[in-house]
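Residue 369 in my numbering sits at position 367 of the sequence shown, and the numbers go up by one each step. Cβ coordinates follow ideal geometry from the N, Cα and C atoms, glycine included.
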Amino acid sequence: MATTNPMPRFPAGFLWGVSTSAHQIEGAVDAREASVWDVFTAEPGRVRDGSTAAVACDHVHRHREDVALLAGLGVDAYRFSVSWPRVRAEGGLDFYDRLVDDLLAAGVRPVPTLFHWDLPAHLDWLERDTAERFAEHVARVVARLGDRVTKWITLNEPAEHTLLGHALGVHAPGRRLLFDALPVAHHQLLAHGLAVRALRAAGASDIGIANSHGPTWPASDDEADVAAADFYDTLLNRLFADPLLLGRYPEGVGELMPGDVEADLKIIAEPLDWYGINYYAPTRVGAPQGAEIEFGGVRMPAELPFSVREIEGYPVTDFGWPVVPEALTEVLTAFADRYGDRLAPVIVTENGCAYEGLDDTERVTYLDGHVRALHRAVEAGVDVRGYFVWSLLDNFEWAEGYGRRFGLVHVDFDTQRRTPKASYDWYRALLREQRD
Ligand code: FCB
Numbered sequence: 003m004a005t006t007n008p009m010p011r012f013p014a015g016f017l018w019g020v021s022t023s024a025h026q027i028e029g030a031v032d033a034r035e036a037s038v039w040d041v042f043t044a045e046p047g048r049v050r051d052g053s054t055a056a057v058a059c060d061h062v063h064r065h066r067e068d069v070a071l072l073a074g075l076g077v078d079a080y081r082f083s084v085s086w087p088r089v090r091a092e093g094g095l096d097f098y099d100r101l102v103d104d105l106l107a108a109g110v111r112p113v114p115t116l117f118h119w120d121l122p123a124h125l126d127w128l129e130r131d132t133a134e135r136f137a138e139h140v141a142r143v144v145a146r147l148g149d150r151v152t153k154w155i156t157l158n159e160p161a162e163h164t165l166l167g168h169a170l171g172v173h174a175p176g177r178r179l180l181f182d183a184l185p186v187a188h189h190q191l192l193a194h195g196l197a198v199r200a201l202r203a204a205g206a207s208d209i210g211i212a213n214s215h216g217p218t219w220p221a222s223d224d225e226a227d228v229a230a231a232d233f234y235d236t237l238l239n240r241l242f243a244d245p246l247l248l249g250r251y252p253e254g255v256g257e258l259m260p261g262d263v264e265a266d267l268k269i270i271a272e273p274l275d276w277y278g279i280n281y282y283a284p285t286r287v288g289a290p291q292g293a294e295i296e297f298g299g300v301r302m303p304a305e306l307p308f309s310v311r312e313i314e315g316y317p318v319t320d321f322g323w324p325v326v327p328e329a330l331t332e333v334l335t336a337f338a339d340r341y342g343d344r345l346a347p348v349i350v351t352e353n354g355c356a357y358e359g360l361d362d363t364e365r366v367t368y369l370d371g372h373v374r375a376l377h378r379a380v381e382a383g384v385d386v387r388g389y390f391v392w393s394l395l396d397n398f399e400w401a402e403g404y405g406r407r408f409g410l411v412h413v414d415f416d417t418q419r420r421t422p423k424a425s426y427d428w429y430r431a432l433l434r435e436q437r438d
């Protein structure tokens, strides 16, 4: 259960929100072009329960009801994503236009993410040109919504999109390129930089990115385990953050990237107004174990220079992810130490957990613990400006299908009935309390 100690107060102006993404909730697949996720989910065996996101939460048709749920919750802001394949379709931007108007009318600030993994099916992040195409997409969106939307997120978790989608092949587009996937990381970073320029050219001034980060714990003090953990830490916590915040790749990485890397880094390192961190759990990493292992539903090839290990001694979510609130404080303070004044103010753009049930006390415990851990980071001097729960609604959880429920609101996928869970009431009470 959540502790009964009063929740400490966050600084005035702290931004409280919830997050979703287009492919995971929108449905209305006929009113948009295909994305790599449509192609991927149509292939047998790709999604655990064989499902697709063709309907998902039918949010395009039910967005008014979902906006009412946001208003009832009392969040300051709603992070959603703009589907690039929908924007490309005739009238696709009209939907976001209405959504933004409805959010503003409900007193909720729209915070769109411009790419959350649903790449148009004819594009490919191995191609540099995709970065330019993305900048065009961004320019179209900001031209239409920029009179009302002031806060923007360029990309969501390019690290997972690279690793899971292109290196390990468990997410769309399902490629298993291992380290040959590195250009995908570079092109997404370049796309981010070009997007920042396009947004600024249109007058936007409140721009961030949502990167996934978390502490990497070595499996032991053994030199081989420490080196493997270091390597993994570079992939997860530095490969994307160093270029963005320091204008350079971690040692040895730049040489592996395509194109005129030095010139690209100048674009990639365009100053950010804030830096988004998605945090779920720490990772324990050791030396390679010499055989392909399965971890969290992901087959890890033997050739990788590390192996992911079980974290013991903590409760786990339905996804098997350990619940370690103090690791949120750890990752935030580590970021502040590593990047110092190069780190822009931080917003936690995702945090949440998968549990079944309407009376989701485990979710309440998870969120309560993490919000307190966040406050400890604020007390330690990290400039954190906001927190977004993943997610408003149960939704299509990528390769897991509908089997992992992250929502504050339960969705019955047969009837599309929405029912707020205990965690919804808990979050609403927290927001009220913080404003009193
Ligand atoms: C993050 C993704 C988000 C959701 C959560 C559970 O990695 O950004 O779309 O799937 O995990």
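Asked: Through-space distance from W119 to E294, alpha-carbon basis; Found: 26 Å
Asked: Beta bridge counterpart(s) of F390 as assigned by DSSP; Found: G19
Asked: With 16 other Cβ atoms within 10 Å as the buried cut-off, status of R81; Found: buried
Asked: Burial state of H124 (16 or more Cβ within 10 Å); Found: exposed
Asked: E296, enclosing beta strand (DSSP E) - first and last residue; Found: I295 to F297
Asked: Those residues which DSSP pairs with M302 across a bridge; Found: I295
Asked: Status (buried if at least 16 other CB within 10 Å, exposed otherwise) for A265; Found: exposed
Asked: Length at least 3, wholly inside the segment 383–438: the beta strand (DSSP E) runs in chain order; Found: 386–392, 411–414 and 419–422
Asked: Neighbourhood of S393 by C-beta, 7 Å cutoff - its chain only, sequence neighbours within 5 removed; Found: V20, S21, T22, G354, F408 and G409
Asked: Cβ neighbours of R100 in the same chain (closer than 8 Å, five flanking residues each side left out); Found: H65
Asked: Whole-Å CB distance - I211 paired with L157, under 8 Å assumed; Found: 6 Å
Asked: Rounded Cβ spacing between V333 and I279 (contact assumed at less than 8 Å); Found: 7 Å
Asked: Continuous beta strand (DSSP E) assignments of at least 3 residues falling wholly in the segment 81–151; Found: 111–117
Asked: Any non-hydrogen atom of ligand 1 closer than 8 Å to E399 Cβ; Found: yes
Asked: Of the residues W39, G256 and E92, the one placed nearest H163, counting alpha carbons only; Found: W39
Asked: Three or more C-beta pairs below 8 Å linking the segment 81–90 and the segment 49–58; Found: no
Asked: Simplified DSSP state of P185, which is helix, strand or coil; Found: helix
Asked: The segment 131–143 touching the segment 184–197, judged by at least three CB pairs closer than 8 Å; Found: yes
Asked: Whole runs of the beta strand (DSSP E) within the segment 239–280, excluding any shorter than 3 residues; Found: 277–280
Asked: Close-in-space but distant-in-sequence residues of the same chain around P347 (CB under 6 Å, 5 per side omitted); Found: W276, D385 and R387
Asked: Rounded C-alpha distance that separates R379 from P13; Found: Reading off the sequence, residue 379 comes out as Ala, not Arg. Their backbone Cα atoms lie some 12 Å apart in a straight line.
Asked: Rounded straight-line distance, which links the Cα of V69 to that of A336; Found: 36 Å
Asked: Integer Cβ distance of A30 from L72, believed to fall under 8 Å; Found: In fact, because the Cβ distance is near 19 Å, the residues do not count as touching under 8 Å.
Asked: Three or more C-beta pairs below 8 Å linking the segment 170–183 and the segment 231–244; Found: no
Asked: Span of the alpha helix (DSSP H), counted from its first residue to its last, around T351; Found: Segment V348 to E352 is the beta strand (DSSP E) holding T351; no alpha helix (DSSP H) there.
Asked: For G1: DSSP bridge partner residues; Found: A query on residue 1 cannot be resolved here, the shown segment of the chain reaching from 3 to 438 and no further.
Asked: In DSSP terms, what P220 is bridged to; Found: V287
Asked: V255 versus E305 - alpha carbon distance; Found: 18 Å
Asked: Cβ-heavy atom distance, S309 to ligand 2, below 8 Å; Found: As for ligand 2, it is missing from this structure, which binds only ligand 1.
Asked: Distance CB(R430)-CB(G76) smaller than 9 Å; Found: yes
Asked: Contact test: Y282 Cβ vs ligand 1 heavy atom, cutoff 8 Å; Found: yes
Asked: Same chain, Cβ closer than 7 Å to R34, neighbours up to 5 away in sequence not counted; Found: S85, P87, R88, A91 and G94
Asked: Under the three-state DSSP convention, the category V325 falls into; Found: coil
Asked: Pair within 9 Å by beta-carbon distance, W400 and H173; Found: yes
Asked: For I349 and T115, the rounded distance between their alpha carbons; Found: 14 Å
Asked: Cβ-based neighbour list, D224, same chain, cut-off 7 Å, excluding 5 preceding and 5 following; Found: none
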